[in-house]
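One structure is given here, and the rest of the page talks about it.
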Amino acid sequence: MTSNGISTPFSRRSVLKGLGATTGLITAPGFTRFAQAQSSEPIRIGFQCHRTGIGASYGRWYERTTMAAAKLINEAGGINGRPLEIVIEDDGTDPARGAEVVEKFANQHKVDLVYGTLFSHVVVGSAPAAGELKMPYYVVSEGYHVASGKLNRYCLQPGITDVKAQVRSVAPWIADNLGKKVTLVYPDYAFGHDHRDFFEPAIQAQGGEVVAKVAIPPTETSFTRYLPQIPRNTDVIYHVMVGPAVLTFVKELGEFFGNSGPQLFGFIDSLEAVNINSPGLEFLDGSHFWEGMPRYAQPDQPDYVDFYRKTVGINDEGASVNDANDVSTNAHMFGCWETLFVIKRAMEAANYQGPQDRQKLIEATEAMEEMEAGREHPQGRKIFNGKIHQAFGEQSISKLEGGRLNVVHRTSVEDGLYEAEADYTTQSF
Amino acid sequence: MGFGPYLLLATLEGLVTAAVLSLMALGLSLVFGVMRVVNVAHGEFFMLGAVLAWYFSSLVAGDPALGFLLALALSPLVVALIAWVSDRLVLSRLKYEPEATIVATIGLLYIIQQLALTYYGADSRPVEAPFTWRIQLPWFGYSGYKLAVIGASILLVALTALLMMRSRIGLIMRATQYDSETAQAFGIPVRRVYSAVFALGAALAAIAAVLVVPIRQAHYLMGQEPLLLSFIVVIIGGLGSLRGTVVAAVLIGLSDGIISMFFSPTLAKMLATLLVALVLVFRPQGLFGTAAR
Numbered sequence: 001m002t003s004n005g006i007s008t009p010f011s012r013r014s015v016l017k018g019l020g021a022t023t024g025l026i027t028a029p030g031f032t033r034f035a036q037a038q039s040s041e042p043i044r045i046g047f048q049c050h051r052t053g054i055g056a057s058y059g060r061w062y063e064r065t066t067m068a069a070a071k072l073i074n075e076a077g078g079i080n081g082r083p084l085e086i087v088i089e090d091d092g093t094d095p096a097r098g099a100e101v102v103e104k105f106a107n108q109h110k111v112d113l114v115y116g117t118l119f120s121h122v123v124v125g126s127a128p129a130a131g132e133l134k135m136p137y138y139v140v141s142e143g144y145h146v147a148s149g150k151l152n153r154y155c156l157q158p159g160i161t162d163v164k165a166q167v168r169s170v171a172p173w174i175a176d177n178l179g180k181k182v183t184l185v186y187p188d189y190a191f192g193h194d195h196r197d198f199f200e201p202a203i204q205a206q207g208g209e210v211v212a213k214v215a216i217p218p219t220e221t222s223f224t225r226y227l228p229q230i231p232r233n234t235d236v237i238y239h240v241m242v243g244p245a246v247l248t249f250v251k252e253l254g255e256f257f258g259n260s261g262p263q264l265f266g267f268i269d270s271l272e273a274v275n276i277n278s279p280g281l282e283f284l285d286g287s288h289f290w291e292g293m294p295r296y297a298q299p300d301q302p303d304y305v306d307f308y309r310k311t312v313g314i315n316d317e318g319a320s321v322n323d324a325n326d327v328s329t330n331a332h333m334f335g336c337w338e339t340l341f342v343i344k345r346a347m348e349a350a351n352y353q354g355p356q357d358r359q360k361l362i363e364a365t366e367a368m369e370e371m372e373a374g375r376e377h378p379q380g381r382k383i384f385n386g387k388i389h390q391a392f393g394e395q396s397i398s399k400l401e402g403g404r405l406n407v408v409h410r411t412s413v414e415d416g417l418y419e420a421e422a423d424y425t426t427q428s429f
Numbered sequence: 001m002g003f004g005p006y007l008l009l010a011t012l013e014g015l016v017t018a019a020v021l022s023l024m025a026l027g028l029s030l031v032f033g034v035m036r037v038v039n040v041a042h043g044e045f046f047m048l049g050a051v052l053a054w055y056f057s058s059l060v061a062g063d064p065a066l067g068f069l070l071a072l073a074l075s076p077l078v079v080a081l082i083a084w085v086s087d088r089l090v091l092s093r094l095k096y097e098p099e100a101t102i103v104a105t106i107g108l109l110y111i112i113q114q115l116a117l118t119y120y121g122a123d124s125r126p127v128e129a130p131f132t133w134r135i136q137l138p139w140f141g142y143s144g145y146k147l148a149v150i151g152a153s154i155l156l157v158a159l160t161a162l163l164m165m166r167s168r169i170g171l172i173m174r175a176t177q178y179d180s181e182t183a184q185a186f187g188i189p190v191r192r193v194y195s196a197v198f199a200l201g202a203a204l205a206a207i208a209a210v211l212v213v214p215i216r217q218a219h220y221l222m223g224q225e226p227l228l229l230s231f232i233v234v235i236i237g238g239l240g241s242l243r244g245t246v247v248a249a250v251l252i253g254l255s256d257g258i259i260s261m262f263f264s265p266t267l268a269k270m271l272a273t274l275l276v277a278l279v280l281v282f283r284p285q286g287l288f289g290t291a292a293r
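Residue numbers (full-length UniProt numbering), protein chains in the order written: chain X, 1 to 429; chain H, 1 to 293.
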């Protein structure tokens, strides 16, 4: 328009005058309409979701939790007066696709940040793309990859505790109550390796030992062939399996040992989204599980937990209120809810206006320390370490009895705290 | 656990794999033998069999054996019907051109997989075994159902062999396999035989899936690995050879069971694939196949 204007009916001087006047008008204090229009644009959060692939049951519940939290935030006036919009892309629980999705969010959807990923191989695969695109990447994984310092300054995990802290907090209870000779059964990739690497020192500190480590490839669908690797002198089998084959794993464990096997301590990942009363699982009765957040409603749970469960739509058994067979991933999905509220708080602290403020957003998140238990943090109190971009929280140990999981022990935040091995805040943006 | 029991467990596990694999590979081999169609969608017929087994068994409350029997009866029928329609709508229109049918069955693979994802979902769901006997050996417990799968598979392979060698339908199928033009000249409805063979091949995959689903659960991505293993089996055994398929399935199943237990599952797959390469180099027609005429 301006170049056309210059070429024919207007003189150069009149155009310059006009431009100057327009600029003055826009920047003048009285001219607020445009500014307001811009700030009422939604804040767009790209949700990298495992809608398909082996993480699908988590993805389904991560999505429901995210939408419930986003609705709540919007009903309360959004973030900085702007509504929140969740843009969802399926990553197929695949690292290569994960990186593509991050690029799609940046270049096509123009989101403010990317959020939500669970599976560690997808996080590790996507993190470099987030770093290159300077895109804040708030993951809801559990792996130690963020806290290890091996990713980049754009990757944060403020809503869920990592495996290193989880295993440190449950190890003393295992050694005191179940036994000191432990065999680990874990998936043979990053998430499983965190259990392998951090549980051993944690149990040794309690005078216990790891007598065998059984690594199982993530694509495996049959497990009996691995079970003879469990030594006879094992007191406790510590199992953590993920993906579609989890039910098969515990069933085969039951067939192999019957009722005469070692004690079982499972990370609930082995049974996430699986009905505990499925046929073939009877032998699990009396065994113990780690839970990030209890699946079954507990008699003494606070009001904000009631509120959270009701808002997300799960019943007292931890299944969807619409379908009792649709069992939730309640031990992990709270991380989405809490992370969204952390993002909200950080955006408000940074007075976030748009992608130009991404750096301020990350700095505001890094500055966080205490997160009080409540509606925004229904899983419990948390401490955030800005240097390693990692939150620390409380964990539950539950006993499976009478077809339901009852919490028998709750660890403190301090039980899981460890010395930071990295410092993202020293990295340049 | 001592070496003996360890080997016993490995052998049992290997035999279960071999049982499922022989049924599955038999279907693939039959389709190739008679129709010269490399059916890349075979794994998806397997998956469909498992998913339908979940659906049919969930219709029946009460004794799990009833639901399982219903699945065993209906699931292969429905899969056979879908295969028959696919043959009529797609393969026959491509005049069974080898290159075209490979591409078409890859397309079919994606269509079936996405339909399963859309209507069944991304979850894995269990089907209750018709019985849950647990056999307690001195060293470990073993699933009675898994042993039954081995037995059922032997029975079904024998039935298929009888059908091929002793029945009139088998004779027609073999005639079509040897020379379809001459068969047609003798009044054999070759196109109908092709549709029937394609449906039978898919039904065999579905039966294998119904047998496996109480052990492994139904999942929309479960067709990939058995497809690869069946290709390995039919290449080693010789495409179109029933005897070769069974021998190769037992060989691959046992080696998978034993090698993956004593070493690693990846090594078992590596050796199986290496064996394919060796067979292709030194005996391209397979161990029991006949050279192309």
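Beta carbons are placed, not taken as given, at the ideal position from N, Cα and C, and that holds for glycine.
Per DSSP, which residues does residue i bridge with? Please list them.
i: Thr161(X); result: Ala391(X)
i: Pro187(X); result: Ile216(X)
i: His42(H); result: Partner(s): none; His42(H) has no beta bridge.
i: Ile397(X); result: Trp290(X), His409(X)
i: Gly141(H); result: Gln136(H)
i: Gln263(X); result: Val236(X)
How about residue i: is its C-beta nearer than 8 Å to some C-beta of chain H?
i: Gly258(X); result: yes
i: Arg295(X); result: no
i: Arg225(X); result: yes
i: Ser328(X); result: no
i: Glu272(X); result: no
i: Ile26(X); result: Low confidence applies to Ile26(X): its pLDDT is 48, below 50, so where it sits in the model is not reliable enough to give any reading.
i: Glu255(X); result: yes
i: Pro218(X); result: no
i: Thr52(X); result: yes
I'd like to know if residue i contacts chain X, where contact means its C-beta is closer than 8 Å to some C-beta of that chain.
i: Gln285(H); result: no
i: Tyr142(H); result: yes
i: Phe45(H); result: no
i: Ser260(H); result: yes
i: Leu251(H); result: no
i: His177(H); result: It is Gln, not His, that sits at residue 177(H) in the sequence shown. It does not; no Cβ of chain X falls within 8 Å.
i: Thr266(H); result: yes
i: Met1(H); result: yes
i: Gln184(H); result: no
i: Glu99(H); result: no
i: Arg134(H); result: yes
Does DSSP put residue i in a helix, in a strand, or in coil?
i: Asn406(X); result: strand
i: Asp123(H); result: coil
i: His109(X); result: helix
i: Ser328(X); result: coil
i: Ala420(X); result: coil
i: Phe288(H); result: coil
i: Asn385(X); result: strand
i: Leu25(X); result: Bear in mind that a pLDDT of 48 at Leu25(X), under 50, signals an unreliable position, so the number given afterwards is only what the model happens to contain. Here Leu25(X) sits in helix by DSSP.
i: Val211(X); result: strand
i: His239(X); result: strand
i: Leu118(X); result: coil
Could you list which residues in chain X have their beta carbon closer than 9 Å to that of residue i, in chain order?
i: Gly257(H); result: Arg225
i: Tyr6(H); result: Pro228
i: Glu13(H); result: Ser222, Thr224, Arg225
Can you list the residues of chain H that residue i reaches, using a CB-CB cut of under 8 Å?
i: Leu247(X); result: Ser124, Pro126, Gln217
i: Thr65(X); result: Those do not exist, as Thr65(X) stays about 17 Å from chain H at its closest Cβ, beyond 8 Å.
If the cut is a Cβ gap below 8 Å, which residues of chain X does residue i touch?
i: Ala10(H); result: Arg225
i: Leu117(H); result: Thr52
Quick one: list the residues of chain H neighbouring residue i, beta-carbon separation under 7 Å, in chain order.
i: Ala56(X); result: Ala122, Asp123
i: Thr221(X); result: Arg216
i: Ser287(X); result: Ordered by position in chain H, no residue passes the 7 Å Cβ test against Ser287(X), which lies about 17 Å from the chain.
i: Val278(X); result: As written in the sequence, residue 278(X) is Ser, which differs from the Val given in the question. Pro126, listed in chain order.
Please go through the region 266–319 of chain X and give each complete alpha helix (DSSP H) segment of 4 or more residues, from N-terminal end onward. The DSSP assignment places complete alpha helix (DSSP H) segments of no fewer than 4 residues inside the region 266–319 of chain X at 303–312, in order along the chain.
Starting from the N-terminal side, write out each stretch of the beta strand (DSSP E) that is 3 residues or longer and does not extend beyond the region 32–103 of chain X. Those beta strand (DSSP E) runs which fall completely within the region 32–103 of chain X and span 3+ residues are 43–49, 84–90.
What residue ranges within the region 157–229 of chain H form continuous beta strand (DSSP E) runs of no fewer than 3 residues, ordered along the chain? Contiguous beta strand (DSSP E) elements confined to the region 157–229 of chain H do not occur, taking only those with 3 or more residues.
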